[in-house]
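Single-structure report; data block below.
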Amino acid sequence: MDHLEERPTLGIVLRVLSGLLFTGMLVCIKAVSDEVPVGQSVFFRSLFALLPIVVFLLLRREFPRGLATRRPLGHALRSGLGAAAMFASFAAVALLPVAEATLLAQLTPVFMAIGGVLLLGERFSLNRAGGVVLALAGVAVLILPGLNASSSNGQSTGYALGALSALLTAGALLTVRRISRTETAASIAFYFILVAALAGLATLPLGWAALTRVEFALLVLSGLFGGAAHIAMTLALRYAEASRLAPFEYIALVWPVLADWVLFGIPVSSGFLLALPLMLSGVALAAMEGRRFKWLLRR
Numbered sequence: 001m002d003h004l005e006e007r008p009t010l011g012i013v014l015r016v017l018s019g020l021l022f023t024g025m026l027v028c029i030k031a032v033s034d035e036v037p038v039g040q041s042v043f044f045r046s047l048f049a050l051l052p053i054v055v056f057l058l059l060r061r062e063f064p065r066g067l068a069t070r071r072p073l074g075h076a077l078r079s080g081l082g083a084a085a086m087f088a089s090f091a092a093v094a095l096l097p098v099a100e101a102t103l104l105a106q107l108t109p110v111f112m113a114i115g116g117v118l119l120l121g122e123r124f125s126l127n128r129a130g131g132v133v134l135a136l137a138g139v140a141v142l143i144l145p146g147l148n149a150s151s152s153n154g155q156s157t158g159y160a161l162g163a164l165s166a167l168l169t170a171g172a173l174l175t176v177r178r179i180s181r182t183e184t185a186a187s188i189a190f191y192f193i194l195v196a197a198l199a200g201l202a203t204l205p206l207g208w209a210a211l212t213r214v215e216f217a218l219l220v221l222s223g224l225f226g227g228a229a230h231i232a233m234t235l236a237l238r239y240a241e242a243s244r245l246a247p248f249e250y251i252a253l254v255w256p257v258l259a260d261w262v263l264f265g266i267p268v269s270s271g272f273l274l275a276l277p278l279m280l281s282g283v284a285l286a287a288m289e290g291r292r293f294k295w296l297l298r299r
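Numbering (the UniProt record's numbering), first residue to last: 1 to 299.
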């Protein structure tokens with residue numbers, strides 16, 4: 001990534017914007033989830049995310065030159081895990097409020113911290129241990145109070161899918177850590193989206209919905225929002241250090257809460273409010289290990 005002059009205010013604005021765009025993507029997916037199968041949503045989200053990302057790479061003169069690869073199997077593993085994570089995430093948001101699905105996605109750095117120890121031989125530090133404990137406490141606060149009551153409406157399944165998505169995303173990012181020594185960020189992003197689109201297309205024989213104009217427009221928007229969110233995050237980290245952006249994770253979670261309330265009529269739960277500081281504190285502890293925190297947010 002290019003090292004440009006420090007412009008922290010612009011970086012913070014772009015970080016907040018990326019959270020807003022990501023929420024917009026999930027809102028679009030949730031809005032069509034009753035009628036559109038998950039695989040169809042994954043296909044359209046991935047296909048139309050290619051548009052802003054390819055334009056961005058062209059402007060940076062990284063397309064198609066930056067797509068050359070020496071590790072196709074590494075890309076296949078990373079992209080497969082990422083595509084599976086997207087399936088699980090979209091299935092979770094169909095069953096949960098957008099805010100709770102977004103909060104569960106914050107478990108990714110915690111799973112990465114555990115995976116780094118188990119798979120890469122990294123040191124199990126006090127930061128990691130404290131982060132895991134706090135994040136697990138947050139998950140317990142979020143899901144245990146209503147677990148029995150929610151089993152009939154699929155909420156418990158949504159919690160499991162949300163956690164699975166975070167786990168798969170962590171696996172994908174650990175793979176990125178290995179292949180990024182020789183592969184460009186452009187190739188890693190492009191091949192992931194391409195594989196996700198093909199995985200979604202493979203579900204066509206299982207039956208896709210006949211889309212209305214509104215549903216088609218929402219699916220197109222989900223892709224444009226998702227691709228633009230990736231670009232905004234990338235640019236944010238060109239202008240501001242990750243440590244300056246970290247506190248704005250809280251603001252990024254304001255958008256899903258507002259979306260649930262205004263668009264879907266879902267009030268914020270007491271469990272979410274109690275889990276929020278625990279989980280984000282755990283994420284910060286698990287990730288704040290010097291350059292690793294900066295690398296994680298960049299990826």
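Where is the CB? At the ideal position from N, CA and C, for every residue including glycine.
Computed from a predicted structure; not experimentally measured.
Which whole-angstrom value describes the C-beta separation of residue 11 and residue 236, a residue pair presumed to lie in contact below a C-beta threshold of 8 Å?
Residue 11 to residue 236, Cβ: 5 Å. Contact.
Less than 6 Å between C-beta atoms, sequence neighbours within five positions excluded: which residues of the same chain meet that for residue 275?
Here the set comprises 138, 141 and 142.
Tell me whether residue 98 is buried or exposed, calling it buried when 16 or more other Cβ atoms sit within 10 Å of its Cβ.
Its Cβ being crowded by 16 or more others within 10 Å, residue 98 is buried.
Quick one: residues in its chain with C-beta nearer than 6 Å to the C-beta of residue 171, no 5 flanking neighbours on either side, listed in chain order?
If we look at residue 171 and ignore the five residues flanking it on each side, its Cβ neighbours are 81.
Quick check on residue 44: buried or exposed, where buried means 16 or more other Cβ atoms within 10 Å of its Cβ?
The residue in question, residue 44, is buried, as its Cβ has 16 or more Cβ neighbours within 10 Å.
Is DSSP giving residue 248 helix, strand or coil here?
Of the three classes helix, strand and coil, the one that applies to residue 248 here is helix, per DSSP.
Check this for me: beta carbons of residue 131 and residue 282, under 7 Å apart or not?
Their beta carbons are under 7 Å apart, which means residue 131 touches residue 282 by this criterion.
Alpha carbon to alpha carbon, how far is residue 211 from residue 244? Give it in angstroms, no decimals.
Residue 244 and residue 211: Cα-Cα distance of roughly 43 Å.
Starting from the Cα of residue 284, find the closest Cα among 128, 213 and 161 and give me that residue.
If we check each option's Cα against that of residue 284, 128 comes out closest.
With three or more beta-carbon pairs closer than 8 Å as the criterion, would you say the segment 20-37 touches the segment 204-219?
Yes: the two stretches touch, three or more of their Cβ pairs being nearer than 8 Å.
When the Cα of residue 58 is compared with those of 231, 259 and 250, which residue comes out closest?
Measuring from the Cα of residue 58, the nearest candidate turns out to be 231.
Quick check on DSSP: helix, strand or coil for residue 108?
Helix at residue 108.
Which parts of the UniProt domain "EamA" (10-143) are runs of the alpha helix (DSSP H), unbroken and 4 residues or longer, counting only runs that do not cross its ends?
For the UniProt domain "EamA" (10-143), whole alpha helix (DSSP H) runs of length 4 or above, ordered along the chain, are 38-59, 72-95, 98-105, 108-120 and 126-143.
Given a threshold of 16 other Cβ atoms within 10 Å of its Cβ, counted over all protein chains shown, does residue 52 qualify as buried or as exposed?
Classification of residue 52: buried, given that the 10 Å Cβ count is 16 or more.
Decide if the segment 254-273 is in contact with the segment 73-90; the criterion is three or more beta carbon pairs, one per stretch, under 8 Å apart.
The segment 254-273, when compared against the segment 73-90, does not touch it at the 8 Å Cβ threshold.
Using alpha carbons as the reference points, say which of 42, 228 and 118 lies closest to residue 174.
Measuring from the Cα of residue 174, the nearest candidate turns out to be 118.
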